[in-house]
RNA sequence: GGUCUUGUGGCCGAGUGGCUAGGCACCAGUCUGCAAAACUGUGUACAGCGGUUCGAAUCCGCUCGAGACCUCCA
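What follows is the structure, given as structure tokens:
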């Protein structure tokens with residue numbers, strides 16, 4: 004479809020380098036991204052990862068790939084707390100909110116779907132749930148046991164890291180060495196069923212207070228944290244697919260253990276390219292529940308968080324996030340958000356000018372080169388910040404054309420216009436010019452501005468300024484240009 | 001302690017060894033009834049020290065600082 008199709012480079016966490024992207028099957032891409040655990044409402048930091056992978060998904064689509072994008076929903080699973088004890092976080096939330104586990108999951112899933120709509124995320128091809136794939140998880144565990152990489156103790160099943168590392172390399176993704184892990188035997192207490200510190204649960208025997216319990220060949224229990232991703236990625240994308248993504252904090256142990264499970268069960272690394280999105284910071288520190296420095300995606304749109312003194316539109320937030328590379332940290336501050344808000348509005352204004360430009364027989368600048376720079380930026384490991392810098396170059400040109408200082412031909416204008424739409428709305432997922440389309444307000448504004456124009460023609464500045472100031476107080480900005488007065 | 005990332009002008013943030021990143025803010029000017037917007041011009045930025053090189057923000061070493069993971073986390 005696109006001539007820029009074959010030039011994409013992706014930073015692969017496995018190699019630590021940018022690599023030419025060559026899908027396993029021509030023109031088709033399989034992508035799996037670790038989704039949310041629905042025991043609470045996702046915070047802004049969680050959303051950053053999903054927004055980044057949404058951008059990645061969107062660009063792959065623009066390049067003409069047929070993409071199968073799978074993002075799971077974790078609605079079950081045994082998780083260990085800081086003391087090393089088994090603890091079901093969903094069950095815990097359920098007890099605290101006096102609901103059943105399924106109610107908790109459903110409640111936060113509804114919320115999550117709403118957030119996806121607010122932040123303009125494209126729905127993935129499939130959003131499979133862990134609880135819907137218990138049988139597949141059990142089958143994987145059985146395979147791993149049969150291959151000799153897991154053992155059963157008291158109704159639980161553990162992955163045998165030492166056995167595994169005789170044949171495969173444990174730590175290939177995170178750079179950890181099994182020998183070094185061995186030195187950290189401090190937390191291995193006498194009651195622990197694990198043979199080795201780094202062994203991890205594939206299946207965990209049920210506790211009496213567990214709210215969700217499933218039957219298995221090893222007795223009633225819950226699946227381990229990592230096995231659901233192995234089961235679901237295999238089911239929908241096969242044993243080996245193109246891209247596996249997630250937040251940086253999942254690199255170890257979650258993704259490392261996924262690799263071990265996949266190798267242990269199917270003999271291969273699940274993904275060719277591993278991608279990790281960086282964290283969202285607040286005042287230099289990772290946003291997290293435990294630090295309490297988090298806010299909810301809805302709060303910032305409503306302006307109800309104490310961290311910021313005004314609300315920001317979801318598109319401004321998205322724009323702000325896109326100004327930082329997905330592999331970089333990003334700090335949320337009022338100053339940075341205000342700058343993004345103004346910048347986005349400048350870009351929007353320029354785009355909305357496109358329809359009003361007058362065309363010439365020739366263009367005074369190279370439109371093809373400009374458009375090409377959009378692809379170049381994105382082909383370099385999805386460099387959205389550079390793309391935005393190039394979009395601002397386009398905005399500058401549009402303004403100059405509008406001022407009669409540059410010219411553009413009809414064909415070039417069509418090309419530029421089409422590609423701005425592709426990159427701003429299709430790739431970055433930003434919505435432009437949706438604010439002043441209120442059908443009732445529009446005729447009122449036309450009338451008000453007509454009255455003001457009459458006052459101006461009569462040099463009645465008192466009246467015209469009163470109208471302008473009054474509108475400003477109501478949040479409507481009036482701009483006088485050569486072509487007439489506009490408002491927003 | 002181990003593994004890894006990182007330190008860019010007032011703020012945010014790209015950066016392939018040599019060619020203006022970009023945005024916001026600031027200053028001056030053009031335009032305008034005034035404003036806003038738009039346009040133009042203006043910034044001796046690359047933590048510190050040393051090394052490689054004709055040339056380093058970019059490569060190497062050391063020092064200092066920051067962060068992530070090693071326990072649930074996007």
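In our numbering, the protein residues as written are 4 to 491. Where is the CB? At the ideal position from N, CA and C, for every residue including glycine.
Proximal residues to residue i (C-beta, below 7 Å), its chain only, five neighbours per side dropped
| i | result |
| --- | --- |
| residue 425 | 65 |
| residue 202 | 161, 162, 163 and 164 |
| residue 433 | 318, 321, 322 and 427 |
| residue 44 | 111, 114 and 299 |
| residue 416 | 360 and 362 |
| residue 140 | 226, 230, 231 and 234 |
| residue 10 | 382 |
CA-to-CA distance, residue j to residue i, given in whole angstroms
| i | j | result |
| --- | --- | --- |
| residue 14 | residue 156 | 40 Å |
| residue 520 | residue 320 | Nothing in the structure corresponds to residue 520, since the chain is present only between 4 and 491. |
| residue 137 | residue 143 | 10 Å |
| residue 227 | residue 178 | 23 Å |
| residue 59 | residue 32 | 12 Å |
| residue 478 | residue 272 | 55 Å |
| residue 62 | residue 378 | 10 Å |
| residue 248 | residue 37 | 7 Å |
| residue 267 | residue 172 | 11 Å |
| residue 412 | residue 357 | 12 Å |
| residue 430 | residue 372 | 19 Å |
| residue 97 | residue 261 | 27 Å |
| residue 344 | residue 489 | 19 Å |
| residue 384 | residue 103 | 43 Å |
| residue 459 | residue 305 | 38 Å |
| residue 174 | residue 264 | 12 Å |
| residue 388 | residue 436 | 22 Å |
| residue 190 | residue 204 | Its pLDDT being 48, under 50, residue 190 is placed unreliably by the model, and the measurement read from it follows with that caveat. Going by the C-alpha atoms only, they are around 15 Å apart. |
| residue 312 | residue 147 | 53 Å |
| residue 219 | residue 213 | 15 Å |
| residue 84 | residue 91 | Residue placement at residue 84 is flagged as unreliable, the pLDDT there being 46, under the threshold of 50; the coordinate-derived value follows with that caveat. Distance between the alpha carbons of residue 84 and residue 91: 9 Å. |
| residue 251 | residue 16 | 10 Å |
| residue 466 | residue 444 | 21 Å |
| residue 337 | residue 314 | 10 Å |
| residue 288 | residue 51 | 15 Å |
| residue 447 | residue 481 | 14 Å |
| residue 422 | residue 462 | 43 Å |
| residue 405 | residue 246 | 43 Å |
| residue 95 | residue 170 | 38 Å |
| residue 25 | residue 241 | 17 Å |
| residue 310 | residue 296 | 9 Å |
| residue 120 | residue 166 | 46 Å |
Which residues DSSP lists as bridging residue i, in chain order
| i | result |
| --- | --- |
| residue 292 | Bridge partners of residue 292: none, in fact. |
| residue 160 | 155 and 206 |
| residue 228 | Answer by DSSP bridge pairing: none, since residue 228 is not bridged. |
| residue 387 | Looking at the DSSP assignment, residue 387 forms no beta bridge with any residue, so it has no partner. |
| residue 247 | 35 and 277 |
| residue 481 | 490 |
| residue 233 | In DSSP, residue 233 forms no bridge with anything. |
| residue 132 | 76 |
| residue 221 | In the DSSP output, where bridge partners are listed per residue, residue 221 has none listed. |
| residue 363 | 412 |
Residues near residue i in its chain [Cβ-Cβ closer than 6 Å; skip 5 each side]
| i | result |
| --- | --- |
| residue 419 | 370 |
| residue 284 | 332 and 334 |
| residue 401 | 353 and 356 |
| residue 78 | 41, 108, 132, 133 and 134 |
| residue 48 | 283 and 290 |
| residue 470 | 455 |
Same chain only: Cβ atoms within 8 Å of residue i, ignoring 5 sequence neighbours per side
| i | result |
| --- | --- |
| residue 221 | 155, 158, 159, 160, 206 and 208 |
| residue 244 | 27, 33, 34, 35, 236, 273, 274 and 275 |
| residue 238 | 131, 136 and 139 |
| residue 365 | 410 and 412 |
Could you pull out every unbroken alpha helix (DSSP H) segment of at least 4 residues lying fully inside the region 403–459, listed in chain order? 413–423
Tell me whether the region 128–135 and the region 70–80 touch, counting them as touching only if at least three CB pairs, one residue from each stretch, are closer than 8 Å. yes
Given 8 Å, three or more beta-carbon pairs between the region 292–311 and the region 238–255: no
Identify every run of the alpha helix (DSSP H) within the region 270–340, keeping only runs that are complete inside it and at least 4 residues long; order them along the chain. 300–305 and 317–325
In chain order, what are the residue ranges of uninterrupted alpha helix (DSSP H) at least 4 long that sit wholly in the region 10–95? 47–65
Any chance the region 449–463 sits against the region 392–411, with 3 or more Cβ pairs inside 8 Å? no
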